[in-house]
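Using the working numbering, the final residue of the sequence shown is 553, and nothing's skipped along the way.
Below: one structure, written as structure tokens.
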Amino acid sequence: MPKRKSGLNKKPIGIFDSGLGGLTVFKEIRRLLPGEDLIYFGDTARVPYGTKSPETIKKFAVEIADYFRELKVKAVVVACNTVSSLALEEVKKHCGVPVIGVIKPGAIEAASGCVKGKIAVIGTQATISSKSYEKELKSINPSFKIISKPCPLFVPLVEEGWAGKKVSYDVAKEYLSEIKKEAPEALILGCTHYPMLLKEISAVLPGVKIINSAQSVAKFLLDELSLLGCIEKNGKGKDFFYVSDAPEKFSRLACNLLGIRTGKVFLKRF
Ligand code: DGL
């Protein structure tokens with residue numbers, strides 16, 4: 284582990300996802316909290332999570348939570364809808380520090396300003412089956428009508444670096460045709476990989492408000508750290524990237540898809 288700053292506020296923030304998707308959240312956190320050291324972990328050896336069973340997802344999430352505990356992070360952001368839907372409580376138990384998931388911020392953002400009350404949600408099979416967004420949205424307003432659709436091919440398309448290619452437009456058209464007929468007011472991108480397919484999704488659903496919760500998640504984290512009085516306001520924070528496989532590919536795609544220059548990406552296997 285490269286050298287970091289020392290002192291309480293100077294402890295890093297841990298952010299994780301099954302792969303690249305959580306970088307959409309990382310980017311917003313970096314923008315909002317420039318002084319913080321950030322450690323990103325992408326479980327690239329085991330992506331996708333969204334097609335796996337709840338038991339397996341919980342097992343992976345707990346291993347990562349324990350790792351972040353070892354690294355002595357001051358907060359953890361679960362930048363993965365699948366883990367936030369199925370294993371948030373397990374992560375909280377194992378981390379021993381504040382944990383921010385992505386479901387609540389996304390649901391609150393979608394609900395605010397929603398007049399007709401028809402909201403669509405897309406995500407991995409595991410996220411959609413868990414009904415996590417449906418429960419969160421209904422707890423805000425029980426009269427909301429929710430239309431849900433799993434889009435399992437979206438994650439491999441992104442991880443393959445195929446965002447923007449014709450095949451991604453074709454897959455988006457196929458998955459989103461039923462949602463289009465329903466004419467929802469808003470569509471929640473219930474997977475952190477999906478913002479990288481924003482052009483494809485918007486092309487099929489013109490006029491639908493697309494909710495990418497990355498900014499709201501970063502704001503939730505900022506508020507939590509402010510409450511605890513442990514925001515690092517001085518200096519420029521450092522970024523550390525870890526993956527469980529293929530660090531060069533991760534680094535290349537992070538740059539190509541999100542303009543993030545990772546520098547050296549370290550390998551962490553479980
Ligand atoms: N990016 C993740 C999510 O938000 C996981 C996708 C996957 O691994 O299937 O759900």
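The beta-carbon is built from N, C-alpha and C at its ideal position, and this holds for glycine as well.
What does the alpha-carbon distance come out to for the pair residue i and residue j?
{"i": "E457", "j": "G389", "result": "24 angstroms"}
{"i": "G406", "j": "I312", "result": "22 angstroms"}
{"i": "S301", "j": "P331", "result": "6 angstroms"}
{"i": "G512", "j": "Q408", "result": "38 angstroms"}
{"i": "D528", "j": "K399", "result": "45 angstroms"}
{"i": "T365", "j": "H476", "result": "11 angstroms"}
{"i": "I484", "j": "A497", "result": "17 angstroms"}
{"i": "G490", "j": "K463", "result": "10 angstroms"}
{"i": "L316", "j": "L504", "result": "9 angstroms"}
{"i": "K421", "j": "I493", "result": "19 angstroms"}
{"i": "K428", "j": "S395", "result": "14 angstroms"}
{"i": "T327", "j": "G444", "result": "14 angstroms"}
{"i": "G379", "j": "G297", "result": "12 angstroms"}
{"i": "Y452", "j": "D320", "result": "37 angstroms"}
{"i": "E468", "j": "F437", "result": "22 angstroms"}
{"i": "V441", "j": "T334", "result": "15 angstroms"}
{"i": "D522", "j": "F324", "result": "11 angstroms"}
{"i": "L510", "j": "P381", "result": "11 angstroms"}
Leaving out the 5 sequence neighbours to the left and right, which residues in its chain are closer than 6 angstroms to residue i when beta-carbon positions are compared?
{"i": "S534", "result": "T545 and V548"}
{"i": "I411", "result": "S431 and P433"}
{"i": "L508", "result": "I514"}
Can you give me the start and stop residues for the beta strand (DSSP E) that residue i sits inside?
{"i": "K432", "result": "K428 to P433"}
{"i": "I347", "result": "Premise fails: I347 lies in the alpha helix (DSSP H), P337 to E353, not in any beta strand (DSSP E)."}
{"i": "L550", "result": "V548 to L550"}
{"i": "Y323", "result": "L321 to G325"}
Within its chain, find whatever has a CB closer than 8 angstroms to the CB of residue i; leave out the 5 residues flanking it on each side and keep chain order.
{"i": "E346", "result": "F553"}
{"i": "G318", "result": "I514, E515, K516, N517, G518, K519 and G520"}
{"i": "E417", "result": "V404, I429 and S431"}
{"i": "K310", "result": "A497, L541 and I543"}
Please classify residue i as buried or exposed, where buried requires at least 16 other C-beta atoms within 10 Å of its C-beta.
{"i": "M455", "result": "In the sequence under discussion, the amino acid at residue 455 is Ala, which differs from the Met named in the question. With 16 or more Cβ atoms within 10 Å of its Cβ, A455 is classed as buried."}
{"i": "C474", "result": "buried"}
{"i": "C363", "result": "buried"}
{"i": "G305", "result": "buried"}
{"i": "N495", "result": "buried"}
{"i": "V450", "result": "exposed"}
{"i": "P425", "result": "exposed"}
Within the continuous alpha helix (DSSP H) that includes residue i, where are the two ends?
{"i": "A529", "result": "Careful: A529 lies outside any alpha helix (DSSP H) and carries neither H nor E."}
{"i": "A358", "result": "First-last for A358: A358 to V361, but that is the beta strand (DSSP E), not the alpha helix (DSSP H)."}
{"i": "F437", "result": "F437 to E442"}
{"i": "G389", "result": "I386 to A394"}
{"i": "F299", "result": "No alpha helix (DSSP H) contains F299, which is instead part of the beta strand (DSSP E) from I296 to D300."}
{"i": "V374", "result": "L371 to C378"}
{"i": "L505", "result": "A497 to L511"}
{"i": "A455", "result": "K449 to E465"}
{"i": "L315", "result": "L306 to L315"}
{"i": "L488", "result": "Note, L488: premise wrong, no alpha helix (DSSP H); not H, not E."}
{"i": "Y416", "result": "S415 to I423"}
Take residue i and list the residues in its own chain whose beta-carbon comes closer than 7 angstroms to its own, dropping the five residues that flank it on each side.
{"i": "A537", "result": "L303, L306, I543 and T545"}
{"i": "L369", "result": "P337, I340, K341, A409 and S413"}
{"i": "P435", "result": "G333, T334, T407 and Q408"}
{"i": "R352", "result": "H377, C378 and G379"}
At a threshold of 7 angstroms, does residue i count as lining the ligand FMN (C-beta to nearest heavy atom)?
{"i": "C513", "result": "The ligand FMN is not part of this structure, which contains only the ligand DGL."}
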